[in-house]
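Colleague:
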Amino acid sequence: MREQIFLNKEHQALFDRDGYIVLPMVSNDQLKQLDSLFDEMYQQVNYTGFVSTSYSPNKEFKKFFSDKIVEVLTSSYQNTFIDFQPFGGSFLFKTPGLNSALPLHQDWTILDEEKYYAINCWVPISKITPENGPLHILPGSHFDNFKTLRAPTIPFFFQNDEEIVKESLVSILPAPGEAVILNQSLIHYSSTNKTNEVRKALTAGVKSKGAPMLFHYYNRQEEKLEQYLMDEDFLISFDDFYQDIQERPKGKLLKEWQANDKLILDSTGVANALKIFKKNSRISGKRSNFFKQLVSKFT
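In our numbering, the protein residues as written are 1 to 299.
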């Protein structure tokens, strides 16, 4: 059973119910620090579209800005969380253009979610508007309601019905310095930046203290799932991000098991899942065993 990670029990309850919570996190002075740090970073990259500093092949570059982000956020973490451990941070930005959307997804499984929390703090530095690529989330779609295993080589359960899922998303427009604190398993995406200015934000990770870092790989030829123990900083250690995340992890193999063949739900299953997500994200909603009865994806 997971231990509490929010200092405030009401915040913990809301997070557990909905899979996210929006809280003030970054002071005006901290926001100025982050804005200046972003400008320093931005002068050193030449990417367009949706960009994360974690995509860079330069490990020193990634580590420098990750450490700086954590340094700025440390006091905010201490006022928000208990028994926690940061695991880095990255700047996220969208240059103007049609290629700036971030596809619908769930973040990777990086620890044992039965025992621990993996949290992303998404903090806008720019003012977020409907036009510059806001975050869209699906309340209730986190691990508590549907026990997914997620990795770059594993298909999403909604892979064939993304447009249906998008219709149920909620747009989030936090003020600069507010944090959208996401369970890493929550379904989300961010839309295109249709303005003429760069949309600035950051993401920073927090996990339950002492939780081992994990990564997973789907061996399609043998239809096996593999779990690896990883270094604490493995998320910023990829040389060629897009290629390396598709390869077998370089950590220590912990276990492997045969994958159930039902990795993707059909349209009826996805539609039923959306109903359960909506029901379970209400205050009066009662947790359901629907997904256990519907399909066991991984055994």
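Don't be surprised by glycine CBs; every beta carbon is placed ideally from N, CA and C.
Do Lys200 and Ile125 count as a contact pair if the criterion is CB distance below 7 Å?
Modeller: Contact: yes.
Colleague: How close, in whole Å, do the beta carbons of Pro176 and Lys127 come, if the pair is a contact with beta carbons under 8 Å?
Modeller: Correct: roughly 6 Å between the Cβ atoms.
Colleague: Out of curiosity, what's the CA-to-CA distance linking Lys9 and Asp233?
Modeller: About 30 Å.
Colleague: Can you tell me whether DSSP reads Thr129 as helix, strand or coil?
Modeller: Correct three-state label for Thr129: coil.
Colleague: CA-CA distance, Glu226 and Ala271?
Modeller: Rounded to whole angstroms, Glu226 to Ala271 spans 30 Å at the Cα level.
Colleague: Which two residues bound the contiguous alpha helix (DSSP H) that contains Leu304?
Modeller: The displayed coordinates of the chain run from 1 to 299. Any statement about residue 304 would go beyond what the structure contains.
Colleague: Mind the definition here: the segment 164-171 touches the segment 206-219 only if three or more C-beta pairs lie below 8 Å; say whether that holds.
Modeller: Touching, no.
Colleague: Compute the Euclidean distance between the alpha carbons of Asn289 and Asn280, then round it to the nearest angstrom.
Modeller: Residue placement at Asn289 cannot be trusted, given a pLDDT of 38 that sits under 50; what the coordinates show is reported in the next sentence. Answer to the nearest angstrom: the Cα atoms are 11 Å apart.
Colleague: Less than 7 Å separating the beta-carbons of Val72 and Gln33?
Modeller: Yes, Cβ-Cβ distance for Val72 and Gln33 is below 7 Å.
Colleague: Buried or exposed for Asn28, going by 16 or more other Cβ atoms inside 10 Å?
Modeller: Asn28 comes out exposed.
Colleague: Between the segment 2-20 and the segment 77-85, can you find at least three pairs of beta-carbon atoms closer than 8 Å?
Modeller: A contact exists between the segment 77-85 and the segment 2-20.
Colleague: Which same chain residues, not among the five before or five after Gln106, have their C-beta less than 6 Å away from its C-beta?
Modeller: Counting only Cβ-Cβ distances below 6 Å, and skipping sequence neighbours, we find Arg150, Ser185 and Ile187.
Colleague: Taking only the alpha-carbon atoms, compute the straight-line gap between Tyr217 and Gln258 and give it to the nearest angstrom.
Modeller: Rounded to whole angstroms, Tyr217 to Gln258 spans 12 Å at the Cα level.
Colleague: If you reduce the DSSP assignment to three classes, tell me which class His188 lands in.
Modeller: The answer is strand: DSSP assigns His188 an E or B state.
Colleague: Express the C-alpha separation of Tyr117 and His142 in angstroms, rounding to a whole number.
Modeller: His142 and Tyr117: Cα-Cα distance of roughly 11 Å.
Colleague: Could you give the first and the last residue of the continuous beta strand (DSSP E) run that contains Ala118?
Modeller: Where Ala118 is concerned, the enclosing beta strand (DSSP E) stretches over Ala118 to Pro124.
Colleague: Between the Cα of Asn183 and the Cα atoms of Glu131, Pro134 and Ile119, which residue gives the shortest distance?
Modeller: The residue with the shortest Cα to Cα distance from Asn183 is Ile119.
Colleague: Quick one: complete alpha helix (DSSP H) runs, 4+ long, within the segment 142-206?
Modeller: Counting whole runs of 4 or more residues, the segment 142-206 contains the alpha helix (DSSP H) stretches 162-166.
Colleague: If you count every other CB in all the chains shown that lies within 10 Å of the CB of Lys252, and 16 or more means buried, which is it?
Modeller: So Lys252 ends up on the exposed side.
Colleague: Please name the residue or residues paired with Glu256 in a DSSP beta bridge.
Modeller: Glu256 pairs with Glu226.
Colleague: Per DSSP, which residues does Phe6 bridge with? Please list them.
Modeller: Paired residue(s): Phe81.
Colleague: Have a look at Lys63 and Val45 and give me their C-alpha separation to the nearest angstrom.
Modeller: Straight-line Cα distance between these residues: approximately 15 Å.
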